[in-house]
Structures are given as C-alpha cells and as structure tokens.
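Position one of the sequence shown corresponds to residue 85 (this note's numbering), numbered consecutively onward. Just so you know, even glycine gets a beta-carbon here, dropped at the ideal spot from N, CA and C. Note that the structure is predicted; figures quoted are calculated from it, not measured. Step one of this worksheet: look at the structure below.
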Amino acid sequence: MGVVSPHFRNHSVWNAIVKGWFQKLDPTRFALEAFHLGFDHDGETAFARSHAAHFEEGARGLYQWAQAIVDRRPDVLVYPEIGMFPMTVRLASLRLAPVQVTTWGHPETSGLATIDYYLSAQDMEPADGQAHYTERLVTLPHLGCSYQPTQIAPADPGLAELDSASDAPVFVCPGVPFKYAPQHDQVLPGIARALGRCRFVFFRHGSGELSNKLRRRLELAFARDGLDFGDFGVFVPWLDRPSFYGLLQRADVLLDTIGFSGFNTAMQAVESALPIVTVEGRFLRGRLASGILKRMRLQELVASSPEEYVAVATRLARDGEYRKSIRGRIEAGRHILFDDDAPIRAMETFLAEARPAT
C-alpha cells in the first residue's frame with residue numbers, strides 16, 4: 085500500500101487519519117510505503133519513516149514522483165487528501181496503481197476518474213452519501229479512523245483579552261477563516277444578543293488578510309444587530325498545543341464551524357471535556373463534529389438549524405449545572421472515540437479484497 089501525502093508530520097490529516105494506519109495495520113500482511121511530497125519534518129515524520137517499509141522524499145517534479153511511485157509497484161495507492169496540495173492533485177490525476185483510493189483528509193469527492201474508492205466513516209455519512217462521490221464510497225466503522233488522544237499537559241494561554249472579562253462565558257471559535265461561510269455570520273450576534281456578555285475567541289491565521297476579512301465581515305454582522313463586535317470578539321495569536329489545551333480548559337463551549345466542520349478540534353475539545361455545539365450538514369464536510377457527538381450519545385448538542393445552534397449555545401453558556409452535566413457525560417463516554425481498532429480491521433479487509441472499480 086503506497087501512501088502519497090505532503091503531511092507526514094504534525095498535521096490534521098496525519099493526526100486524524102494516517103497515523104493510525106502506520107500504528108495498527110498488520111505489517112505481516114501490508115507493507116506501507118510512504119511518498120512524502122512535502123518538505124517539513126518533525127517527530128511524526130520520523131515515526132512514519134520508522135514504521136514504513138519504504139520512505140521516499142525529496143524535491144521532485146511530476147514525472148520524477150510518478151516514476152518513483154510506479155517503480156515501487158504498489159497494489160493499492162492511497163491519497164489521504166486530494167485538494168490541499170498541488171502535486172497531490174497532479175499525481176492523483178494519473179493511473180499509477182491498479183487500485184487508487186482517497187479519503188477524508190479533504191472531505192470532498194476528488195471528481196477524478198483515476199480514483200476508484202473513497203474511504204469514509206459510517207458515523208459521518210448520510211444515508212445517501214454515495215450520491216456525493218464519483219468514487220465508490222466505502223464507509224469504515226464508527227469514525228473511520230483510529231485516533232490517539234494527545235495527552236498534552238495544558239498550559240496557561242496567557243490571554244489578557246480573557247482576563248479583562250473573566251466573568252463572561254467564553255466560546256472558542258477554532259476554525260480557520262475559510263471555514264466561516266458568510267451566510268452564517270448572523271449566528272454569533274444572535275448568541276451575543278441573547279447573553280448580553282460573552283467572549284468569542286478566534287485565531288489569527290498565518291495569512292493575516294484572511295483573518296482581517298473575517299473580522300470585517302463579523303463587524304458588519306454585529307453592527308446590523310446594533311452591536312459592536314469589539315465588545316464580544318477577539319482574535320488571538322495562533323497558540324502552541326499546551327496553550328491551546330489551556331484555553332479549552334478555560335472555555336465554556338466550543339463552537340464548531342457550520343457547513344465545514346472541524347474533526348481534530350472537536351476531538352481535542354472532547355479530550356478537555358468541553359461541550360461542543362454543531363449543526364449537522366448535508367455533506368461529509370459538515371458532519372465531522374456531529375458524528376463525534378452522536379457516537380457519544382450527545383445528539384442534543386447537534387442542532388438542525390442555525391437558530392437551534394444559537395439556542396443550544398446560549399443554554400450551555402447560561403446554565404452552569406447543565407454545562408457541568410454535559411462535561412460529565414463527555415468524560416464518561418469519550419473512551420469509545422479513541423484507539424479504535426474496528427476501522428483498521430475493516431480497512432485491512434477492504435485492502436485485501438479491493439479491485440479496480442468498474
């Protein structure tokens with residue numbers, strides 16, 4: 085099995101999906117060969133290299149990468165995501181192995197005739213999920229991955245912006261700017277108007293202009309409701325992991341992005357026993373957090389509309405006893421999300437039986 089990705093490193097695609105393959109696929113049955121298209125290296129890169137039967141990397145053009153893959157003659161070639169990195173898209177557009185597969189590192193169909201299967205998750209796909217893919221959809225059990233808790237010791241995030249409003253409910257808004265769709269801009273003013281006082285914590289993206297555009301949109305949305313975004317919202321620097329976990333412990337609620345959900349951020353909130361509010365979308369990309377919550381039997385945090393999203397978030401912020409009970413239920417139920425072998429065993433069965441789709 086060849087795995088083609090620029091993300092053999094501490095990255096959302098690696099953490100959520102790929103690392104579990106390298107940890108748990110039976111090495112007596114499957115030889116994992118890694119084709120590392122990227123240039124960043126860290127401890128996770130070393131882990132991947134140490135668990136791979138073959139690890140290929142280095143600066144190459146399209147022809148050189150295609151030849152390197154073909155020379156290894158993989159039976160199955162897997163692209164954990166198609167759409168986040170140009171070279172991945174170019175390679176995935178070629179037929180380099182008898183069976184070619186993608187999965188939900190980028191939660192959209194590839195639309196490519198060269199990709200035979202799409203590996204997804206039973207808990208995150210709607211009943212009509214196959215209609216959303218040009219590939220043949222394969223839903224692995226539960227969350228479709230074996231996810232390991234990070235077990236990071238929280239650190240003080242050192243955010244003076246929160247100290248200045250220490251008695252106001254804190255909502256963590258962890259999505260990157262492009263996940264916030266303009267049609268949902270009025271949701272946050274709705275929560276602010278209902279509560280009177282609260283803090284929405286956003287993060288400044290590496291591309292400062294994207295964050296600036298989002299802030300300007302939110303300022304207009306709050307102004308339409310007669311509110312000043314500056315009284316409620318704050319954009320803070322990107323935090324390292326210990327500081328981010330410290331913020332999650334300080335916060336009251338994590339607000340998932342509507343329409344383009346977050347998986348890793350939701351799992352990190354679960355580790356911190358932090359309540360999550362989400363809307364279940366029509367497509368996989370809008371169902372990541374709802375799949376997590378439903379697996380823990382916390383459907384009441386999964387809204388069916390933006391209006392219900394406001395109501396759920398407001399109740400969690402206002403009702404300390406209810407919030408405490410939700411935290412307790414997360415702590416009691418979260419074990420079923422982590423270190424799950426069922427998706428790996430199902431993936432092994434799929435790999436052993438996979439044939440070119442017709």
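> Which of helix, strand or coil does DSSP assign to Gln184?
Replying inline: strand
> Ser204 and Leu368: beta carbons closer than 8 Å?
Replying inline: yes
> So, are the CB atoms of Ala143 and Phe347 less than 8 Å apart?
Replying inline: With contacts defined by Cβ atoms closer than 8 Å, Ala143 and Phe347 do not form a contacting pair.
> What number of angstroms, rounded off, separates the C-alpha of Pro233 from the C-alpha of Glu391?
Replying inline: 32 Å
> Alpha carbon to alpha carbon, how far is Ile410 from Pro359?
Replying inline: Those two C-alpha atoms are separated by around 7 Å.
> Tell me, which residues are paired with Tyr201 by DSSP?
Replying inline: Val185 and Arg220
> In chain order, what residues of the same chain have a beta carbon less than 8 Å from the beta carbon of Val361, not counting five sequence neighbours either side?
Replying inline: Val337, Leu338, Leu339, Asp340, Leu385, Ala387, Tyr393, Val396, Ala397 and Leu400
> Since Trp105 contacts Leu121 with CB under 8 Å, what's their CB separation in whole angstroms?
Replying inline: Incorrect: roughly 17 Å between the Cβ atoms, too far for contact.
>> Using only the alpha-carbon positions, how far apart do Ala307 and Leu323 sit?
In response: 29 Å
> Three or more beta-carbon pairs under 8 Å between the region 170 to 178 and the region 140 to 160, yes or no?
Replying inline: By the Cβ criterion, the region 170 to 178 is in contact with the region 140 to 160, since at least three pairs of Cβ atoms, one from each stretch, lie closer than 8 Å.
>> Quick check for students: name the residue ranges of the alpha helix (DSSP H) that lie wholly in the region 310 to 389, counting only runs of 4 or more.
In response: 325 to 334, 348 to 355 and 372 to 379
>> Between the alpha carbons of Cys282 and Gly417, how many angstroms are there, rounded?
In response: Rounded to whole angstroms, Cys282 and Gly417 show a C-alpha spacing of 28 Å.
>> Whole angstroms are fine: how far does the CA of His226 sit from the CA of Arg277?
In response: 37 Å
> Going by other Cβ atoms of all chains shown within 10 Å of its Cβ, with 16 needed for buried, is Pro261 buried or exposed?
Replying inline: buried
> On the three-state DSSP scale, how would you describe His419?
Replying inline: DSSP places His419 within a helical segment (H, G or I) once states are collapsed to three.
> What number of angstroms, rounded off, separates the C-alpha of Thr186 from the C-alpha of His216?
Replying inline: Taking the straight line joining both Cα atoms gives about 14 Å.
>> I'd like to know whether the C-beta atoms of Ala357 and Glu415 end up nearer to each other than 8 Å.
In response: With contacts defined by Cβ atoms closer than 8 Å, Ala357 and Glu415 form a contacting pair.
> With 16 as the cutoff for other CB atoms within 10 Å, does Phe123 come out buried or exposed?
Replying inline: exposed
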